[in-house]
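*Asks:*
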Amino acid sequence: MKFGQYGLVTFLILGLIFGNCNPVKKNDPFSDNLILLLLINSLLNAREVDCTFSSADTDPFYSDQWHLQNLGQFGGTPGEDARVKTVWDQGYSGNQVIVSVVDDGLDIRHEDLSANISVTTRGLNMFNNTFNPSHSYSNSFHGSAVGGVIGARGGNAVGLRGAAPCSKLVGVNILEKSTIYTSDEYRAMVNESGRVYISNNSWGSPDVYGWLWPSSSLWQQGINEGVTLGRGGKGTVYLWAAGNGANGGTVASPVLVDNANYDGQANYYGVMAIGGIGENGKKAAYSESGANLWVVAHTQGNNTTAYTTAISTTDATGVYGLNAGGTSGDYINSSYTKKFNGTSSATPLAAGVIALLLSKNPNLTWRDVRELVAYSARQNDPSDPDWTTNAAGLNINHKYGFGAIDAQQLLVRSNSWSPIGAALKTETMNSISPGTSIPDNDLVTGANASYSVSSSISYIEFVDVEFTTNHTYFPELKITITSPSGTVSVLSEVHACRNPSNNSGCTSGNTSIANMTGSSTYRFGLTRLLGENPNGSWTIRAYDGATGDTGTIQSVRLKIYGR
Numbered sequence: 001m002k003f004g005q006y007g008l009v010t011f012l013i014l015g016l017i018f019g020n021c022n023p024v025k026k027n028d029p030f031s032d033n034l035i036l037l038l039l040i041n042s043l044l045n046a047r048e049v050d051c052t053f054s055s056a057d058t059d060p061f062y063s064d065q066w067h068l069q070n071l072g073q074f075g076g077t078p079g080e081d082a083r084v085k086t087v088w089d090q091g092y093s094g095n096q097v098i099v100s101v102v103d104d105g106l107d108i109r110h111e112d113l114s115a116n117i118s119v120t121t122r123g124l125n126m127f128n129n130t131f132n133p134s135h136s137y138s139n140s141f142h143g144s145a146v147g148g149v150i151g152a153r154g155g156n157a158v159g160l161r162g163a164a165p166c167s168k169l170v171g172v173n174i175l176e177k178s179t180i181y182t183s184d185e186y187r188a189m190v191n192e193s194g195r196v197y198i199s200n201n202s203w204g205s206p207d208v209y210g211w212l213w214p215s216s217s218l219w220q221q222g223i224n225e226g227v228t229l230g231r232g233g234k235g236t237v238y239l240w241a242a243g244n245g246a247n248g249g250t251v252a253s254p255v256l257v258d259n260a261n262y263d264g265q266a267n268y269y270g271v272m273a274i275g276g277i278g279e280n281g282k283k284a285a286y287s288e289s290g291a292n293l294w295v296v297a298h299t300q301g302n303n304t305t306a307y308t309t310a311i312s313t314t315d316a317t318g319v320y321g322l323n324a325g326g327t328s329g330d331y332i333n334s335s336y337t338k339k340f341n342g343t344s345s346a347t348p349l350a351a352g353v354i355a356l357l358l359s360k361n362p363n364l365t366w367r368d369v370r371e372l373v374a375y376s377a378r379q380n381d382p383s384d385p386d387w388t389t390n391a392a393g394l395n396i397n398h399k400y401g402f403g404a405i406d407a408q409q410l411l412v413r414s415n416s417w418s419p420i421g422a423a424l425k426t427e428t429m430n431s432i433s434p435g436t437s438i439p440d441n442d443l444v445t446g447a448n449a450s451y452s453v454s455s456s457i458s459y460i461e462f463v464d465v466e467f468t469t470n471h472t473y474f475p476e477l478k479i480t481i482t483s484p485s486g487t488v489s490v491l492s493e494v495h496a497c498r499n500p501s502n503n504s505g506c507t508s509g510n511t512s513i514a515n516m517t518g519s520s521t522y523r524f525g526l527t528r529l530l531g532e533n534p535n536g537s538w539t540i541r542a543y544d545g546a547t548g549d550t551g552t553i554q555s556v557r558l559k560i561y562g563r
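Quick note on UniProt numbering: the sequence shown kicks off at 1 and runs consecutively.
(1) What are the partner residues of residue 524, as DSSP defines its beta bridges?
(2) Mind listing, in chain order, the continuous alpha helix (DSSP H) runs of no fewer than 4 residues lying wholly within the stretch 41-117?
(3) Which first and last residues belong to the beta strand (DSSP E) in which residue 276 is found?
(4) Using beta-carbon positions only, say whether residue 289 and residue 398 come within less than 7 Å of one another.
(5) Can you give the Cα-Cα distance for residue 105 and residue 124, rounded to whole angstroms?
(6) Does the beta-carbon of residue 55 have 16 or more other beta-carbons within 10 angstroms, so that it is buried, or is it exposed?
(7) Quick check: what's the CA-CA separation for residue 317 versus residue 139?
(8) Based on the DSSP output, what are the partners of residue 240 in its beta bridges?
(9) Can you tell me whether residue 443 is buried or exposed? The criterion is at least 16 other CB atoms within 10 Å of its CB, across all chains shown.
(10) Work out the CA separation of residue 99 and residue 411 for me, nearest whole Å.
(11) May I ask you to list the residues that DSSP assigns as paired with residue 378?
(12) Measuring alpha carbon to alpha carbon, tell me which of 228, 309, 466 and 414 ends up nearest residue 71.
(13) What three-state label does DSSP hand residue 185 in the structure shown?
(14) Per DSSP, which residues does residue 286 bridge with? Please list them.
(15) Counting Cβ pairs, one atom from each stretch, are 3 or more of them under 8 Å apart for the stretch 379-391 and the stretch 114-133?
(16) For residue 543, count the other beta carbons within 10 Å of its own beta carbon; 16 or more makes it buried, fewer makes it exposed. Which is it?
(17) Could you name the residues that DSSP lists as bridge partners for residue 340?
(18) For residue 325, which residues from the same chain have a beta carbon less than 7 Å from its beta carbon, with the 5 sequence-adjacent residues on both sides left out?
(19) Can we say the stretch 194-207 touches the stretch 217-234, given the rule of at least three CB pairs closer than 8 Å?
(20) Count the C-beta pairs between the stretch 240-247 and the stretch 374-383 that are closer than 8 Å, then say yes if the count reaches three, no if not.
(21) Alpha carbon to alpha carbon, how far is residue 136 from residue 651? Give it in angstroms, no decimals.
(22) Take residue 186 and list the residues in its own chain whose beta-carbon comes closer than 7 Å to its own, dropping the five residues that flank it on each side.
(23) Exposed or buried, residue 511, counting other C-beta atoms within 10 Å across all chains shown (16 or more means buried)?
(24) Express the C-alpha separation of residue 337 and residue 302 in angstroms, rounding to a whole number.
(25) Are there 16 or more other CB atoms within 10 angstroms of the CB of residue 251, so buried, or fewer, so exposed?
(26) Have a look at residue 95 and residue 119 and give me their C-alpha separation to the nearest angstrom.
(27) Please specify which runs of the beta strand (DSSP E), each continuous and at least 3 residues long, are wholly inside the stretch 133-193, giving them in chain order.
(28) State buried or exposed for residue 157, treating a residue as buried only when at least 16 other CB atoms are found within 10 Å of its CB.
(29) Under 7 Å between the Cβ atoms of residue 428 and residue 554?
(30) Can you tell me where the beta strand (DSSP E) holding residue 299 begins and where it ends?
(31) Straight-line CA distance for residue 90 to residue 190?
(32) Measuring only the C-alpha atoms, how far is residue 21 from residue 126?
(33) Excluding sequence positions up to five away, which residues of its chain have a Cβ less than 7 Å from the Cβ of residue 29?
(34) Pull up the distance between the alpha-carbon of residue 25 and that of residue 321, whole angstroms please.
(35) From what residue to what residue does the beta strand (DSSP E) around residue 480 run?
(36) So residue 443 is in the beta strand (DSSP E); what residue range does that whole segment cover?
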């Protein structure tokens with residue numbers, strides 16, 4: 001049997017709808033006209049519908065969105081925001097840019113999201129195995145809040161707006177699964193990657209444990225495929241939340257617990273790790289530092305008692321989600337919340353800003369985007385003592401990466417940008433085995449190891465550092481690495497560790513605590529060396545911050561990405 005173009009489409013859709021004998025339920029995903037439209041347009045390779053947006057249009061809750069336009073309305077620093085308004089005024093609002101929201105669902109019927117749900121890209125719900133990514137649980141909301149920060153429809157006199165108010169969203173519901181397998185992580189990274197410009201990931205390893213969490217090989221494969229094959233070979237841009245575990249709260253001294261470099265997803269070369277700053281431009285106490293940070297974006301800062309400093313965004317529709325309608329000082333309209341925070345909200349703000357860039361310059365590769373973001377970042381909190389300059393002239397800070405993402409400067413920089421023409425080169429250097437003893441309880445002298453690099457790469461884009469030690473308690477170690485140009489990067493800090501069975505500090509004798517004891521290899525990521533030359537002598541130093549546990553530097557190996 002042969003079909004014309006539309007006849008085949010109709011046959012396929014009928015097969016999808018009636019291909020089983022189960023009765024149609026009220027909330028069945030295929031009974032939704034939007035999903036039907038999505039399937040039809042996807043099969044016909046339709047184009048996303050552009051929207052017209054004027055920044056002068058007023059959405060009811062827009063004045064609360066200080067992260068988009070900070071006028072000091074809640075006591076913050078005027079102008080300390082994502083600098084998106086001038087970009088909107090130039091006519092760039094995210095049209096045709098598809099952003100994947102990998103999370104606990106995305107409410108595709110929401111009044112301020114539905115118009116911006118992609119009609120060419122299929123969602124994915126791993127909880128119920130459908131194309132409808134909407135939340136399944138009444139208290140799920142996170143993905144819809146993330147989606148609103150990116151792309152709530154602007155200028156429609158409804159609710160509020162996203163940083164890219166005309167971008168298109170596609171949901172991937174992975175977090176509602178009770179057990180997430182590595183194969184699920186892979187699927188989430190590659191879902192519709194041929195069409196997806198940006199993948200937003202406001203999730204990751206658990207916070208406030210102080211553990212080292214490796215990433216799975218399947219997840220890494222998904223990232224590798226996405227940056228290589230995604231978006232027609234230009235590469236999907238992956239953003240990852242840096243994490244909210246810096247301040248341990250109830251964990252015993254030291255209060256410092258997590259570092260973004262302990263997360264094997266946030267420190268992988270194919271992603272940009274995003275930290276959080278508040279309305280005054282300073283680091284939110286919970287936001288994790290790390291030599292793997294790319295940039296920071298705005299979220300609730302350190303005034304934790306006043307939710308006016310949190311982020312206003314979309315909530316799950318109606319009484320579902322975070323806001324049941326005026327709950328604890330939230331909006332009366334329960335489809336919105338003013339209480340979203342964490343690096344979970346900073347990351348989609350960065351995604352929205354990048355969507356503005358790609359709506360202007362859709363042919364930029366993922367590597368172009370990363371470097372444009374780095375070179376255009378604004379030096380926030382300039383009095384912070386950790387600011388320094390790397391050998392390529394970039395401002396760097398363990399708290400802030402290259403600085404605060406800045407939409408205005410990002411687009412200005414793109415006007416004179418020369419696309420990266422050289423292919424990405426990856427070279428794994430030889431391993432060294434110094435066997436150097438790490439002095440016990442000594443944060444001054446430590447143990448040193450020299451590492452010589454001779455590579456065909458002359459411009460660093462990213463560096464993996466593999467560090468192997470038999471130290472009997474990893475949280476006691478401070479590890480640094482110095483590049484041939486003299487840039488010092490802190491890979492690990494002396495920190496507290498949480499035992500999930502009793503909420504206390506971990507002990508070196510407890511072998512059930514992952515990655516804490518015994519001979520282990522840890523992989524750390526370095527972004528701070530962007531643009532430097534890797535050739536020459538590197539120095540690795542390890543220090544021990546407490547009495548009792550000891551060990552040696554068993555081996556070190558560098559993997560260098562660049563051109």
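Here a beta-carbon is modelled for each residue, glycine too, at the ideal position from N, C-alpha and C.
*Replies:* In short, the structure shows the following:
(1) As a working note, residue 524 is residue 524 in the sequence shown. DSSP lists 465 as partners of residue 524.
(2) List check, alpha helix (DSSP H) in window: 85-89.
(3) The count along the sequence shown starts at 1 and reaches residue 276 at position 276. From DSSP, the beta strand (DSSP E) with residue 276 extends over 271-277.
(4) Along the sequence shown, one-based indexing puts residue 289 at 289. Along the sequence shown, one-based indexing puts residue 398 at 398. Cβ distance < 7 Å, so residue 289 and residue 398 count as in contact.
(5) Here residue 105 refers to the residue found at position 105 when the sequence shown is read from its first residue. Here residue 124 refers to the residue found at position 124 when the sequence shown is read from its first residue. Straight-line Cα distance between these residues: approximately 9 Å.
(6) Indexing the sequence shown from 1 puts residue 55 at position 55. Residue 55 comes out buried.
(7) Residue mapping note: residue 317 aligns to position 317 of the sequence shown, counting from 1. Residue mapping note: residue 139 aligns to position 139 of the sequence shown, counting from 1. Distance between residue 317 and residue 139, taken at the CA atoms: about 11 Å.
(8) Start at 1 with the first residue of the sequence shown, and residue 240 comes out as number 240. Partner(s): 201 and 273.
(9) Mapped onto the sequence shown, residue 443 falls at position 443. By the 10 Å Cβ count, residue 443 comes out exposed.
(10) As a first step, residue 411 must be located in the sequence shown, where it is residue number 411. As a first step, residue 99 must be located in the sequence shown, where it is residue number 99. Going from the Cα of residue 411 to the Cα of residue 99 covers about 19 Å.
(11) Residue mapping note: residue 378 aligns to position 378 of the sequence shown, counting from 1. Looking at the DSSP assignment, residue 378 forms a beta bridge with 404.
(12) In the sequence shown, the residue the question calls residue 71 occupies position 71. Nearest option by C-alpha distance: 309.
(13) Against the sequence shown, residue 185 aligns to sequence position 185. Helix.
(14) Here the question's residue 286 lines up with position 286 in the sequence shown. According to the DSSP secondary-structure assignment, residue 286 is paired through a beta bridge with no residue.
(15) With a cut-off of 8 Å, the stretch 114-133 and the stretch 379-391 do not count as touching, because too few Cβ pairs lie within range.
(16) Within the sequence shown, residue 543 is the residue found at index 543, counting from 1. That one is buried.
(17) Locating residue 340 in the sequence shown gives position 340, where the first residue counts as 1. Residue 340 is bridged to 311.
(18) To locate residue 325, count along the sequence shown from 1; it is residue 325. Cβ contact annotation for residue 325 (same chain, cutoff 7 Å, sequence separation greater than five): 319, 332 and 334, in chain order.
(19) Touching, per the Cβ criterion.
(20) At 8 Å Cβ cutoff, the stretches do not touch.
(21) Residue 651 is absent from the structure shown; the chain starts at 1 and stops at 563.
(22) Residue 186 sits at position 186 when you count from the first residue of the sequence shown. These residues qualify, in order along the chain: 218, 219, 221 and 222.
(23) Counting from one through the sequence shown, the residue named residue 511 turns up at place 511. With a pLDDT of 45 at residue 511, under the threshold of 50, the modelled position of that residue is not reliable, and no figure is offered here.
(24) One-based indexing of the sequence shown puts residue 302 at position 302. One-based indexing of the sequence shown puts residue 337 at position 337. When only Cα atoms are considered, residue 302 and residue 337 end up about 19 Å apart.
(25) On the sequence shown, position 251 is the one that residue 251 refers to. Low confidence applies to residue 251: its pLDDT is 43, below 50, so where it sits in the model is not reliable, and the reading given next is rough at best. Burial call: buried.
(26) Along the sequence shown, read from residue 1 onward, the residue named residue 95 stands at position 95. Along the sequence shown, read from residue 1 onward, the residue named residue 119 stands at position 119. Separation of residue 95 and residue 119 (C-alpha to C-alpha, rounded to the nearest whole angstrom) is 13 Å.
(27) If only complete runs of 3 or more residues are kept, the stretch 133-193 shows the beta strand (DSSP E) at 168-173, in order along the chain.
(28) Here residue 157 is taken as the residue at index 157 of the sequence shown, counted from 1. With fewer than 16 other Cβ atoms within 10 Å, it is exposed.
(29) For this step, residue 428 is matched to residue 428 along the sequence shown. For this step, residue 554 is matched to residue 554 along the sequence shown. Taking 7 Å as the Cβ cut-off, residue 428 and residue 554 do not qualify as a contacting pair.
(30) For this step, residue 299 is matched to residue 299 along the sequence shown. Annotation for residue 299: no beta strand (DSSP E) segment contains it, and DSSP assigns it neither H nor E.
(31) To locate residue 90, count along the sequence shown from 1; it is residue 90. To locate residue 190, count along the sequence shown from 1; it is residue 190. Cα to Cα, residue 90 sits roughly 33 Å from residue 190.
(32) On the sequence shown, residue 21 is found 21 positions in, with the first residue counted as 1. On the sequence shown, residue 126 is found 126 positions in, with the first residue counted as 1. For residue 21, the predicted structure reports a pLDDT of 30, less than 50, and the residue's modelled location is therefore unreliable. The matter cannot be settled from this model.
(33) Looking up residue 29 in the sequence shown gives position 29. Any answer about residue 29 is weak, because its pLDDT of 38 lies below 50 and its placement is not dependable; what the coordinates show is given next. Correct list, in chain order: 35, 130, 131 and 132.
(34) Within the sequence shown, the letter at position 25 stands for residue 25. Within the sequence shown, the letter at position 321 stands for residue 321. Note that residue 25 has pLDDT 33, beneath the 50 cutoff, so the model's placement of it is unreliable and the number below is only indicative. A straight-line Cα-Cα distance of about 22 Å links residue 25 and residue 321.
(35) Numbered from its first residue, the sequence shown carries residue 480 at position 480. Per DSSP, the unbroken beta strand (DSSP E) holding residue 480 starts and ends at 477-482.
(36) For the purposes of this step, residue 443 is taken as residue 443 along the sequence shown, with counting starting at 1. DSSP places residue 443 in the uninterrupted beta strand (DSSP E) bounded by 442-453.
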